[in-house]
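Reading through the C-alpha cells given below for one structure.
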Amino acid sequence: MFASYTGVIIRKVPQTGNGFILKVYTKEEGIKSFYVRKTKQTKATLMPLALVSITAYNNKKKPVLNSKELSLSIPFNSIYSDITKSNIVLFINELLDKLLVEEESNEALFDFIVSSLLSFDRNELDLDFHLAFLMNLSYYLGIKPDIRVGAFFDIENGVAKNTPPQHVNYFNEEETYVFRELYLYVFEEKEFKGNNTKRKKLIELLIQYYNYHFGIKNIKSLPVLNIIFN
C-alpha cells in the first residue's frame with residue numbers, strides 16, 4: 093500500500109550508507125519523516141524548502157516512511173542562484189524547522205508557505221520578504237499580535253498597552269513603533285519604508301517574540317543574514 097504526499101523539505105539528515113532522512117512538511121499530514129536513497133536525481137532535489145512530491149510505503153506504525161518515488165513538484169527559478177535570496181531562504185528554513193512539529197494537516201498554513209516561496213522566487217528580490225513572512229506566519233501559528241494601538245507591546249499576551257506591563261517581556265516605545273509598522277504593512281497594506289537598520293531590529297524583535305512563545309534559540313543562519321544587511 094502506497095500513499096502520496098505533497099510537501100516542503102524542512103530538514104535533510106544524512107544516514108550511514110547511501111541515504112537521507114527527510115523532515116517534510118506535507119499538505120496531507122503535517123510533519124512526516126521519509127527515508128530517501130541518494131541518487132543523482134535526489135541530490136538535485138533535496139534542497140532547503142524544495143517543493144516535492146513523494147510516494148511512500150504507508151506504514152502507520154513506523155515513524156520514518158520508506159520513499160518509493162521523489163520528485164520536484166514545482167521547481168524554483170532563482171532562490172538557489174541568487175545569494176541574497178538563498179540566505180534569506182536558509183534563515184526561514186531554520187525557523188520553520190524549529191516551529192513546525194505538528195503531525196496533522198493544516199492546509200491553510202501549507203498553502204501560505206508554498207505561495208510565499210513561489211512569490212519570492214518568481215519576483216524581484218524583496219529585502220523585507222522574511223520580515224513579512226514571519227509576521228504573516230504568526231497568524232497561522234495562533235500568535236498574531238494585536239498592536240494597532242498602545243505604546244508598549246506585551247510579548248506574553250501579544251497585545252500593545254498604553255503602560256508597560258508588570259513583567260520584563262515587552263517592547264519599549266521605539267520597538268513597539270517599528271513592530272507596528274511591519275504589522276500595518278502586512279495586515280493592512282500600509283506603506284513600509286525599510287532600511288537595513290530597521291530590518292536588523294525587526295529580525296531581533298520577531299525572534300524575541302517567537303522565542304517567548306515557542307522556545308526558538310540559537311539561530312545559526314542569523315549572523316550571515318545580518319552581514320547581508322550591513
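Numbering (my numbering), first residue to last: 93 to 322. Glycine is no exception: its CB is placed at the ideal position from the N, C-alpha and C atoms.
Can you have a look at residue i and say buried or exposed, based on whether 16 or more other CB atoms are within 10 angstroms of its CB?
{"i": "Ser-159", "result": "buried"}
{"i": "Leu-141", "result": "buried"}
{"i": "His-259", "result": "exposed"}
{"i": "Lys-124", "result": "buried"}
{"i": "Tyr-269", "result": "exposed"}
{"i": "Pro-237", "result": "buried"}
{"i": "Val-206", "result": "buried"}
{"i": "Ala-200", "result": "exposed"}
{"i": "Ser-230", "result": "buried"}
{"i": "Thr-176", "result": "exposed"}
{"i": "Tyr-93", "result": "For the sequence presented, residue 93 should be read as Met rather than Tyr. The residue is exposed, with fewer than 16 neighbouring Cβ atoms inside 10 Å."}
{"i": "Val-241", "result": "exposed"}
{"i": "Thr-289", "result": "exposed"}
{"i": "Gly-99", "result": "buried"}
{"i": "Arg-291", "result": "buried"}
{"i": "Ile-319", "result": "exposed"}
{"i": "Thr-108", "result": "exposed"}
{"i": "Thr-131", "result": "exposed"}
{"i": "Thr-137", "result": "buried"}
{"i": "Lys-115", "result": "buried"}
Assuming residue i contacts residue j under a Cβ cut-off of 8 Å, what Cβ separation, rounded to an integer in Å, is found between them?
{"i": "Tyr-97", "j": "Ile-113", "result": "Not confirmed; about 15 Å, so no contact."}
{"i": "Tyr-117", "j": "Leu-192", "result": "5 Å"}
{"i": "Ile-308", "j": "Leu-157", "result": "Their Cβ separation, rounded to whole angstroms, is 27 Å, which puts Ile-308 and Leu-157 out of contact at 8 Å."}
{"i": "Asp-213", "j": "Phe-168", "result": "5 Å"}
{"i": "Ala-224", "j": "Val-278", "result": "5 Å"}
{"i": "Ile-247", "j": "Phe-263", "result": "7 Å"}
{"i": "Asp-174", "j": "Ile-102", "result": "Contact doesn't hold; Cβ gap of about 21 Å is too wide."}
{"i": "Leu-324", "j": "Leu-298", "result": "Absent from the model: residue 324. The displayed extent of the chain is 93 to 322, so no value can be given."}
{"i": "Ile-146", "j": "Leu-162", "result": "5 Å"}
{"i": "Glu-196", "j": "Gly-122", "result": "5 Å"}
{"i": "Ile-239", "j": "Tyr-275", "result": "5 Å"}
{"i": "Gly-286", "j": "Leu-219", "result": "6 Å"}
What is the DSSP secondary structure of residue i, reduced to helix, strand or coil?
{"i": "Tyr-232", "result": "helix"}
{"i": "Asp-189", "result": "helix"}
{"i": "Val-206", "result": "helix"}
{"i": "Val-260", "result": "coil"}
{"i": "Tyr-117", "result": "strand"}
{"i": "Pro-106", "result": "strand"}
{"i": "Ala-252", "result": "strand"}
{"i": "Ile-328", "result": "With the chain covering only 93 through 322, there is no way to say anything about residue 328."}
{"i": "Ile-239", "result": "coil"}
{"i": "Ile-295", "result": "helix"}
{"i": "Ile-180", "result": "helix"}
{"i": "Ile-175", "result": "helix"}
So who's on the other strand from residue i, going by DSSP bridges?
{"i": "Thr-147", "result": "Ser-96 and Glu-161"}
{"i": "Lys-290", "result": "In DSSP, Lys-290 forms no bridge with anything."}
{"i": "Ser-125", "result": "Lys-115 and Val-156"}
{"i": "Phe-245", "result": "Ala-252 and Phe-263"}
{"i": "Ile-308", "result": "According to DSSP, which records beta bridges pairwise, Ile-308 is partnered with nothing at all."}
Answer yes or no: the CB of residue i versus the heavy atoms of the ligand PLP, is any distance below 7 Å?
{"i": "Leu-219", "result": "With respect to the ligand PLP, the structure offers nothing, as it holds no ligand at all."}
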